[in-house]
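Accompanying notes for the structure given below.
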Amino acid sequence: MTPHSSPHPSRPGTPDRPRPSLSRPRAVALGAVPVVVLLAVAGFAPLPYSVARPGQTTDVLGTHGGGEVISTSGAAVRKTSGQLRMVAIQATAPTADIRVGEVVEGWFRTDRAVLPLLAVFPSGGSEAEIAQHNAADMKSSQRAAIAAAFRFLHRDPDRVKVRLRLDDVGGPSAGLMFSLGIVDKLAGDGSGGELTGGRTIAGTGTIDADGRVGAVGGAPLKTQAARRDGASVFLVPKAECAQVQPAPKGLRLVPVTTLKDAVRALRTLAKGGPVPGC
Numbered sequence: 040m041t042p043h044s045s046p047h048p049s050r051p052g053t054p055d056r057p058r059p060s061l062s063r064p065r066a067v068a069l070g071a072v073p074v075v076v077l078l079a080v081a082g083f084a085p086l087p088y089s090v091a092r093p094g095q096t097t098d099v100l101g102t103h104g105g106g107e108v109i110s111t112s113g114a115a116v117r118k119t120s121g122q123l124r125m126v127a128i129q130a131t132a133p134t135a136d137i138r139v140g141e142v143v144e145g146w147f148r149t150d151r152a153v154l155p156l157l158a159v160f161p162s163g164g165s166e167a168e169i170a171q172h173n174a175a176d177m178k179s180s181q182r183a184a185i186a187a188a189f190r191f192l193h194r195d196p197d198r199v200k201v202r203l204r205l206d207d208v209g210g211p212s213a214g215l216m217f218s219l220g221i222v223d224k225l226a227g228d229g230s231g232g233e234l235t236g237g238r239t240i241a242g243t244g245t246i247d248a249d250g251r252v253g254a255v256g257g258a259p260l261k262t263q264a265a266r267r268d269g270a271s272v273f274l275v276p277k278a279e280c281a282q283v284q285p286a287p288k289g290l291r292l293v294p295v296t297t298l299k300d301a302v303r304a305l306r307t308l309a310k311g312g313p314v315p316g317c
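Residue 40 is where the sequence shown starts when you use the numbering used here, and the numbers rise one by one after that.
Listed below in structure tokens is the structure:
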């Protein structure tokens, strides 16, 4: 072989093509190893998410934990046959080991929601601290619900006392249903009938002392829990209408922005009249 010869001479007039390196496939394979390792580690490492599902519903016109959810003194209380159900979601604890498989499964199931931990437990801290924070939110929500109901009914809070009891549920999202329960127990529909019209009504939403209804998390899961437990109507903060579509079959969605809206809608439904929908 001469110094100018090539082991693979090219055809006349044809430029030499670059030859593939024999070591490249090995390099690619070796480069993929860290990716595979990372995926494998991710499959076993806990992730900063919580997996939520439909939770319990509770009739605020009924009893819970051995006592009435809404009890009063200083005023006559009406008997009711319908139900007003507040709805909760059930979420994995902040210390739970959520793996990538659970996250992927949650994305493809309609009865699950994968949420960032901070969206479910914004207070952070330990489980005990989070429970304390949620309990404080519930108490604050109950005070606002009582104030909103009394303002709507033009009742004197110094003459009528209301106690709300729902110890095993935290957070502020039962505010609207508490207010409606107080209104139904003290005044009904205002014309001698029940505010529920004998139906099972469910709903969610925060409330302030002025009766304004605020958005909450997990509304799509709450509609599933409501329908599961027999509700035919679900009151939803208007801002969340798009999130709860499509509704479970047989569940009517009614958007509200204030306590007054909600009472008006229930009075109209009880009479068989039309109400707004999502």
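Glycine residues also receive a C-beta, built at the ideal position from the N, C-alpha and C atoms.
Counting along the chain, Leu225 sits inside the alpha helix (DSSP H) bounded by residues 214 to 226. Membership of Thr297 in any beta strand (DSSP E) is not indicated, and neither H nor E is assigned to it by DSSP.
Annotation: Leu290 is outside any beta strand (DSSP E) and is labelled neither H nor E by DSSP. Around the beta-carbon of Phe147, fewer than 16 other beta-carbon atoms lie within 10 Å, marking it exposed.
A direct Cα-Cα distance of roughly 28 Å separates Gly311 from Asp249. In the DSSP secondary-structure assignment, Ile185 is not bridged to any residue.
Residue state for Ala114 is assigned as coil, using DSSP reduced to three classes.
Annotated as proximal: Ser212 and Thr243, with beta-carbon spacing under 8 Å.
The residue from Arg190, Gly253, Ala152, Cys317 with its alpha-carbon nearest to that of Phe273 is Cys317.
By the neighbour-count criterion, in which a residue is buried when 16 or more other Cβ atoms sit within 10 angstroms of its Cβ, Gly210 is buried. Taking one beta carbon from each stretch, the stretch 219 to 228 and the stretch 103 to 117 have 3 or more pairs nearer than 8 Å; the two touch. Around the beta carbon of Asp206, a 10 Å sphere encloses fewer than 16 other beta carbons of the protein chains shown; the residue is thus reported as exposed. Using a Cβ distance threshold of 8 Å, Ile246 and Ala187 count as a contacting pair. Straight-line spacing of the CA atoms in Asp136 and Thr307 works out to 47 Å. Here Gly140 carries a helix assignment [DSSP, helix/strand/coil].
In this structure, the straight-line span from the alpha carbon of Ala130 to that of Ile169 is close to 13 Å. When rounded, the separation of the alpha-carbon atoms in Asp300 and Val99 is 19 Å. Secondary structure note for Thr262: its alpha helix (DSSP H) is the uninterrupted segment 258 to 267. Around the C-beta of Ser89, 16 or more other C-beta atoms lie within 10 Å, and the residue is accordingly described as buried. Phe160 has its alpha-carbon roughly 26 Å from the corresponding atom of Ala286.
Secondary structure note for Leu154: its beta strand (DSSP E) is the uninterrupted segment 152 to 155. Counting only runs of at least 3 residues, the stretch 226 to 253 fully encloses the following beta strand (DSSP E) elements, listed from N- to C-terminal order: 239 to 242. If you check the CB distance, Ala309 and Val295 do not come in under 8 Å. Leu290 places its beta carbon 8 Å or farther from that of Ala258. Apart from sequence neighbours up to five positions away, the residues of its chain that approach Gly232 with a beta-carbon distance below 7 Å are Ala309, ordered along the chain.
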